[in-house]
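**Q** Quick one: the structure is below, and I'll ask about it shortly.
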Amino acid sequence: MTATDHALELVAVAAQAAYDKKADQVLAFDVSDQLAITDAFVLASANNERAVGAIVDEVEDKLREHGAKPIRREGHKEGRWVLLDYGEIVVHVQHEEERSFYALERLWSDCPLIPLTLT
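What follows is the structure in structure tokens.
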């Protein structure tokens with residue numbers, strides 16, 4: 646099984662929005678073979694809480710323009726690790742320290758990377 650075309654479209658929108666707000670290390674994984682609850686993860690990081698918040702706001706705005714609303718949103722108040730669950734995709738925006746400590750890309754390294762074209 647692989648991520649749906651719609652999920653891949655949402656991944657592209659979310660990744661570009663994060664990149665546009667200067668997110669670091671923007672990656673996406675197809676987790677559809679490993680998880681039944683979502684097709685893809687988007688990971689992005691920033692070096693401070695304010696930047697994390699700006700990235701999250703931009704991702705939400707751009708996905709809303711594509712008709713997607715988060716089912717769940719966690720961690721926004723703290724600004725260290727924000728999770729945006731859109732059902733088909735989950736966006737993780739982390740402070741660099743959390744990104745390094747939790748190393749989600751290592752945890753999901755057996756899942757295929759989704760190629761991103763960020764401009």
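Going by our numbering, the residue at position 114 of the sequence shown is 759; the numbering climbs one at a time, nothing skipped.
Here a beta-carbon is modelled for each residue, glycine too, at the ideal position from N, C-alpha and C.
Bear in mind the structure is a predicted one, so any value in this text is a computation, not a measurement.
(1) Which of helix, strand or coil does DSSP assign to E738?
(2) Do A662 and A685 have their C-beta atoms closer together than 7 Å?
(3) For the candidate residues L680, A696, V687, whose alpha-carbon lies nearest to that of A673?
(4) Please determine, among N693, Q679, A652, L680, the residue with the shortest C-alpha to C-alpha distance to D669.
(5) Does S745 pass the burial test, meaning 16 or more other C-beta atoms within 10 Å, or should it be called exposed?
(6) Tell me the residue span of the alpha helix (DSSP H) that contains D669.
(7) Provide the residue span of the beta strand (DSSP E) that contains E719, from first to last.
**A** Reading it off the structure:
(1) A quick correction: the sequence has Val, not Glu, at residue 738. It is a strand residue.
(2) Taking 7 Å as the cut-off, the Cβ atoms of A662 and A685 do not count as close.
(3) For the residues L680, A696, V687, the minimum Cα distance to A673 belongs to V687.
(4) Per the C-alpha coordinates, the member of N693, Q679, A652, L680 positioned closest to D669 is N693.
(5) S745 comes out exposed.
(6) Where D669 is concerned, there is no enclosing alpha helix (DSSP H), although the beta strand (DSSP E) around it starts and stops at 669 to 675.
(7) Unbroken beta strand (DSSP E) run through E719: 717 to 719.
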